[in-house]
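One structure below.
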Amino acid sequence: MEVSQLRAFVTLADLQHFGRAADRLHITQPALTKRLQALEARIGARLFERDRTGTALTPVGKALVADAARIVADAEAWSARARAVVNGIEGRLDIGFGLSTIDLAPRLVGAFRRAYPTVAVSLNDFSSSEQIERLRDGRLDLGFVRFPVPAADIASRPLMTGQLALASFADGAGTRGTADLQSLNEIGFILIDRTRGPGLRAQIDRWCDLRRFAPRIIQTADDIQTVLALVAAGVGVSIVPHQAARLMGESVALEPLSGAEAEWSLGAAWRSGASNPALRNFLGLMDSMAGVAGPSAAEAS
């Protein structure tokens, strides 16, 4: 039994005229007759009676036409949704982001949701290394990660430059700048936990090692928001991604750190050959918003 046969049945039942039914279906009358005959043969009963006055449903036809109409409507709805999914208008995207893209990722996802409101989007916070692992095993469709991406089976696209910044209490009493790093140890550093932000901590270590500076760590935290909240409360100073610290507004003062070792590339990554149509649309929108990431931290300061 085919949907086209049920559609022919429902259409003829509605119009009760072979010519008009064939026109609505955009087929010939012989083709309409053939579909109806095939359906009647399948159920073993006649659905219509034809006489000089026109076409009328048989008792069997009257009993079955409502069910047939529901099946046809469901099939048409399914077909429409299938087209939407294939075109990336409906579907699902699982997206990851890290500490350094806490500003960028939500902006891009927000723009995508406005453009494609019927695509369900999840946005979850993972380290870059965990995002790569999840991309490879299919648990994520796209991730916002630190570069370089150490996986040949992962495609990527750079979007912006990240930069470390010294974060301090905004009234100026909490920091003496980076001119005298040792004096900052009198205040003490609050840093992201190494297990939570391994890439960021490695970046901080490189910057400090090149200056022969060992920060006195008075507290660690599992998320960047807690780190910044403690800085805003005057508990200590921190070294954080400039992009993330901007989210605190005027409650935290920022001083971008100098040197190439204070900078890194950030961008989007996804599994090579991924077939999710919604991902294709996300990448297209991302390309059309090439300037959404904004300038690097140094340019923004």
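Going by the UniProt record's numbering, the first residue of the sequence shown is number 1, and it counts up by one from there.
Glycine included, every Cβ here is placed at the ideal spot set by N, Cα and C.
Note that the coordinates shown come from a computational prediction; the quantities given were computed from them, not determined experimentally.
Under a three-way DSSP split, which group does residue i fall into?
{"i": "valine 235", "result": "coil"}
{"i": "serine 79", "result": "helix"}
{"i": "arginine 271", "result": "strand"}
{"i": "alanine 120", "result": "strand"}
{"i": "leucine 25", "result": "helix"}
{"i": "phenylalanine 18", "result": "helix"}
{"i": "glutamate 2", "result": "coil"}
{"i": "serine 129", "result": "helix"}
{"i": "leucine 12", "result": "helix"}
{"i": "leucine 142", "result": "strand"}
{"i": "arginine 7", "result": "helix"}
{"i": "threonine 175", "result": "Low confidence applies here, because threonine 175 scores a pLDDT of 48, under 50, leaving its location unreliable and the question unanswered by this model."}
I believe residue i touches residue j by the beta-carbon criterion, under 8 Å. Please report the beta-carbon distance rounded to the nearest angstrom.
{"i": "leucine 266", "j": "glycine 162", "result": "5 Å"}
{"i": "glutamine 16", "j": "arginine 35", "result": "About 16 Å; that fails the 8 Å criterion."}
{"i": "valine 105", "j": "phenylalanine 97", "result": "Position check: residue 105 holds alanine in this sequence, whereas valine was assumed. Rounded, the Cβ-Cβ distance is 4 Å, consistent with contact."}
{"i": "glycine 197", "j": "arginine 216", "result": "So it is not a contact: roughly 19 Å between Cβ atoms."}
{"i": "alanine 151", "j": "valine 231", "result": "That belief does not hold up - the Cβ atoms of alanine 151 and valine 231 are roughly 34 Å apart, past 8 Å."}
{"i": "serine 251", "j": "isoleucine 190", "result": "Not confirmed; about 14 Å, so no contact."}
{"i": "arginine 206", "j": "glutamate 263", "result": "The Cβ separation is near 11 Å, so there is no contact."}
{"i": "alanine 45", "j": "valine 60", "result": "4 Å"}
{"i": "aspartate 141", "j": "isoleucine 95", "result": "7 Å"}
{"i": "valine 72", "j": "valine 10", "result": "5 Å"}
{"i": "leucine 32", "j": "arginine 7", "result": "The pair is not a contact, with the Cβ atoms about 10 Å apart (cut-off 8 Å)."}
{"i": "methionine 1", "j": "leucine 39", "result": "7 Å"}
Taking residue i as part of the beta strand (DSSP E), name the residues at either end of that continuous run.
{"i": "isoleucine 218", "result": "217 to 221"}
{"i": "phenylalanine 164", "result": "What sits at residue 164 in the sequence shown is leucine, not phenylalanine. Taken as a continuous stretch (DSSP letters only), the beta strand (DSSP E) holding leucine 164 covers 154 to 169."}
{"i": "threonine 55", "result": "54 to 57"}
{"i": "residue 308", "result": "Beyond the ends of the chain as shown, which are 1 and 301, falls residue 308; an answer cannot be given."}
{"i": "arginine 92", "result": "91 to 97"}
{"i": "leucine 191", "result": "189 to 192"}
Can you name the start and end residues of the alpha helix (DSSP H) that residue i belongs to?
{"i": "phenylalanine 282", "result": "277 to 288"}
{"i": "phenylalanine 112", "result": "104 to 115"}
{"i": "serine 251", "result": "Unbroken run through serine 251: none, as it is neither H nor E."}
{"i": "proline 200", "result": "According to the sequence displayed, residue 200 carries leucine and not proline. Taken as a continuous stretch (DSSP letters only), the alpha helix (DSSP H) holding leucine 200 covers 198 to 209."}
In this structure, what does DSSP give as the bridge partners for residue i?
{"i": "alanine 241", "result": "For clarity, residue 241 is proline in the given sequence; the question names alanine instead. Paired residue(s): Leu164."}
{"i": "phenylalanine 48", "result": "Leu57"}
{"i": "proline 30", "result": "According to DSSP, proline 30 bridges with nothing at all."}
{"i": "serine 265", "result": "Thr161"}
Examine chain D for any beta-carbon lying closer than 8 Å to the beta-carbon of residue i, and answer yes or no.
{"i": "leucine 64", "result": "Among the chains in the structure shown there is no chain D, since it carries only a single protein chain."}
The segment 79 to 95 in contact with the segment 111 to 118 per 3-pair CB rule at 8 Å: Yes: the two stretches touch, three or more of their Cβ pairs being nearer than 8 Å.
Pairing CB atoms from the segment 239 to 255 with CB atoms from the segment 122 to 132, are three or more of them under 8 Å? no
Between the segment 267 to 274 and the segment 143 to 160, are three or more C-beta pairs nearer than 8 Å? yes
Decide yes or no for the touch test of the segment 7 to 23 against the segment 48 to 65: beta carbon pairs closer than 8 Å, at least 3 of them. yes
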